Amino acid sequence: MYRRYVALVSSVLLCCAGSARAQETDPSASPFGPVEIKAEEVASLQMPKLEFSATPEDAGNYDKYYFFHRKDTDFKTAFADISECDGYARGLASSFRGADVPYPYAGTIAGAAGGVIANAMMAAIFVPGEKRRMRRVNMRQCMGFKGYDRFGLSKDLWEQFNFEEGTGAEEEQSRQKALKLQALVASSATPSGKALSI
Amino acid sequence: MKKLMIMSLAAATLAAVPTFAKEKPPVFVEAKVVKDAKVVKLDPAKAYVYIRTPNAMPLHFTKIPSAEDQIAYDKLKAAAFAEAREDYAKALKRYERDLETATKTKGMKKPTKPVEPTESNFQFQQFGQLANFTVGAFNRFHNKDGSVYLHEVTPGTYRIFGQVDPLLGMGVCYCMGSVTFNAEAGKIVDLGSISFDSDHYKRAEKGDSSSPIVAAYAFTLLPATTETSIDPRVASFPRMIADFRAAGKAANYMGIAVSRIPAIPGVIAYERDWIVDLKASAATASPTQ
């Protein structure tokens with residue numbers, strides 16, 4: 001019982017705090033509440049390397065490896081935007097959620113066990129990749145609605161300030177560090193390539 | 001009549017019961033499919049939701065809490081919080097015992113201290129997870145040349161949550177903008193028609209595994225007017241045209257694809273991700289005398 005609670009708290013603590021109050025006054029406010037960062041921390045962030053010589057393989061993977069950028073956007077705004085979009089893109093169920101056992105079997109041990117085994121097998125096969133994909137879909141959707149452009153990046157450079165979530169959730173401290181660097185890029189980078197479709 | 005209707009208390013509602021609450025939550029929303037039959041009798045004590053779709057598809061709705069709902073929800077949340085505190089007290093004792101053992105035992109890993117639940121960090125399921133209903137994809141009221149869904153629901157204000165059936169977990173959440181409407185007892189609230197958004201629909205670029213474009217522009221909602229025809233079997237029952245209102249953003253608690261309801265003239269528009277409430281704007285621009 002308690003473990004379930006802890007898991008719930010730790011997984012949604014940062015994504016959902018303060019939602020109701022913010023939305024009472026502004027329907028466009030993030031449902032995950034405001035985010036804050038100290039000026040000293042912003043000043044200490046190091047711009048990730050974005051320059052690379054693109055190979056055909058790099059270009060073929062721009063659907064997965066990219067960064068966002070919007071002109072005339074300050075860091076604070078970009079961090080709020082990235083954090084909001086991360087809120088929609090974290091803890092995804094993927095297209096395969098693990099269906100409940102149909103009602104006639106729900107009360108039997110055999111039925112329940114069969115459902116659990118089937119769900120576990122399906123999850124092991126399909127869930128991680130689909131969850132990674134859905135995270136990209138939601139980040140691109142959200143940042144696209146916010147008017148950010150998307151630029152391709154090599155996988156190596158992308159991995160320096162991004163993360164994927166397939167089998168488990170990104171550790172919170174590491175997540176926040178990555179989001180801050182993504183916000184720095186989104187607000188302060190000088191993209192050289194052509195913007196991709198969102 | 002009862003045989004003509006299938007009880008469809010949303011499965012999501014049942015599945016969403018807090019696992020850590022001893023108290024059984026109240027039933028905030030009851031919904032029943034009105035089956036496709038030759039003769040249809042509607043209950044004047046209930047509200048009815050009527051919507052046309054191009055084919056069989058699910059739509060999920062969440063209730064906006066009334067003052068009474070809010071009190072019941074707050075009570076439920078308080079009970080769950082109290083239980084979490086009780087569990088924490090037990091976990092803390094266990095932790096202290098295990099820590100003492102680990103400190104005395106060479107090579108033994110120290111346990112992780114449990115997180116204390118507080119008013120600020122305690123998260124509870126949102127009201128919409130406990131108060132919702134789903135229309136479709138099965139049980140169409142009419143299924144020739146398009147589809148019609150008709151559901152009996154608890155009167156109240158509802159948000160169109162998205163095109164999703166919580167049982168399947170596949171679909172799109174209108175988390176970044178949607179609309180609400182009132183469903184009044186003794187009336188059919190006509191939500192109009194969902195149709196393909198051919199003006200905006202685009203295919204994802206070849207090789208793009210993660211394009212969000214389909215989720216963004218697949219369908220559009222065309223509100224009904226008094227001229228919009230309705231199935232003759234229910235035409236004698238009072239009908240109200242849905243008075244849609246822009247609704248704010250919502251958390252993606254189903255963990256599905258996010259999008260927003262396409263702009264509806266006179267109701268909702270967007271400036272980037274800013275939600276523009278066109279009815280509120282019109283009211284401000286033209287104050288009543």
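For the protein sequence lines, the chains are A and B, in the order given.
Heads up: the first sequence begins at 1 in this note's numbering, then just goes up one per residue.
Heads up: the second sequence begins at 1 in this note's numbering, then just goes up one per residue.
By construction, the Cβ of each residue, glycine as well, lies at the ideal position given by its N, Cα and C atoms.
Remember, it's a predicted structure, so these values are computed and weren't measured experimentally.
Between V164(B) and I256(B) a beta carbon distance of about 6 angstroms is seen, short of the 8 angstroms cut, so the two are scored as contacting. The closest CA to that of A131(B), considering only K110(B), R140(B), G156(B), is found on G156(B).
With a beta-carbon spacing of about 6 angstroms, F79(A) and V35(A) fall inside the 8 angstroms limit used to define contacts. For K46(B), the CB contacts under 6 angstroms within the same chain, skipping 5 residues up- and downstream, are E152 in chain order. Secondary structure within the stretch 206-251 of chain B: the beta strand (DSSP E) runs of 3 or more consecutive residues, fully enclosed, are 219-222, 239-241, 245-247 (chain order). Below the 8 angstroms Cβ cutoff, chain B contributes no neighbours of I82(A), its closest Cβ being approximately 13 angstroms away. In summary, V33(B) is buried, with 16 or more beta-carbon neighbours lying within 10 Å of its beta-carbon over all protein chains present. Comparing alpha-carbon positions, the option among A251(B), Y158(B), R52(B) lying closest to H142(B) turns out to be R52(B). For I275(B), a Cβ of chain A is located within less than 8 angstroms of the residue's own Cβ.
Excluding its 5 nearest sequence neighbours in each direction, F138(B) has C-beta neighbours in its own chain below 8 angstroms: A56, listed in chain order.
At least one C-beta of chain B is nearer than 8 angstroms to the C-beta of S28(A).
Closest in C-alpha terms to V179(B), from the list Y253(B), A204(B), V39(B), V276(B), comes V276(B). About 7 angstroms separates the Cβ atoms of V189(B) and Y48(B), confirming a contact at the 8 angstroms cut-off. Secondary structure at I71(B): helix, using DSSP grouped into helix, strand and coil. For a Cβ distance threshold of 8 angstroms, residue set S210, S211, P212 of chain B lies close to R140(A), ordered along the chain. DSSP, read as helix, strand or coil, puts C175(B) in coil. For S197(A), the nearest beta carbon of chain B is closer than 8 angstroms to its own beta carbon. Near chain B, meaning a CB-to-CB distance below 9 angstroms, no residue of the stretch 149-167 of chain A qualifies. The C-alpha of P114(B) lies about 7 angstroms from the C-alpha of Y95(B). Within a 10 Å sphere around the beta-carbon of K93(B) sit fewer than 16 other beta-carbons, which makes this residue exposed.
Contacts with chain B at 8 angstroms (Cβ-Cβ) do not include L179(A). Counting every other CB atom within 10 Å of its CB across the protein chains shown gives T105(B) a total below 16, marking it as exposed.
Here the stretch 218-234 of chain B does not lie against the stretch 149-161 of chain A, with fewer than 3 beta-carbon pairs under 8 angstroms apart. Exclusion of the five residues before and after R260(B) leaves Y174, M176, G177 as the residues of its chain whose Cβ lies within less than 6 angstroms of its Cβ.
Among the residues facing chain A, E68(B) is not included, as its CB has no counterpart in that chain under 8 angstroms away. The three-state secondary structure of T154(B), taken from DSSP, is coil.
Listed in chain order, the non-local C-beta contacts of G128(B) below 6 angstroms within the same chain comprise T62, local neighbours out to five positions each way being set aside. For a Cβ distance threshold of 7 angstroms, residue set S197 of chain A lies close to E205(B), ordered along the chain. Under the Cβ distance rule, G193(A) does not count among the residues neighbouring chain B, no pair being separated by less than 8 angstroms. With contacts defined as CB atoms closer than 8 angstroms, I82(A) and L196(A) fail to qualify as a contacting pair. Close partners of G60(A) in chain B (Cβ separation under 8 angstroms): G207. Residues of the stretch 40-66 of chain A that bring their beta carbon within less than 8 angstroms of a beta carbon in chain B comprise G60, D63, K64, in sequence order.
For V137(A), the neighbours in chain B by C-beta distance under 8 angstroms run, in chain order, S210, S211, P212, A215, A257. Rounded to whole angstroms, the Cβ separation of A251(B) and G87(A) is 7 angstroms, and the two are in contact under 8 angstroms. For D63(A), the closest alpha carbon among the candidates L167(B), I71(B), I213(B) is that of I213(B). Here DSSP, grouped into helix, strand and coil, assigns I82(A) to helix.
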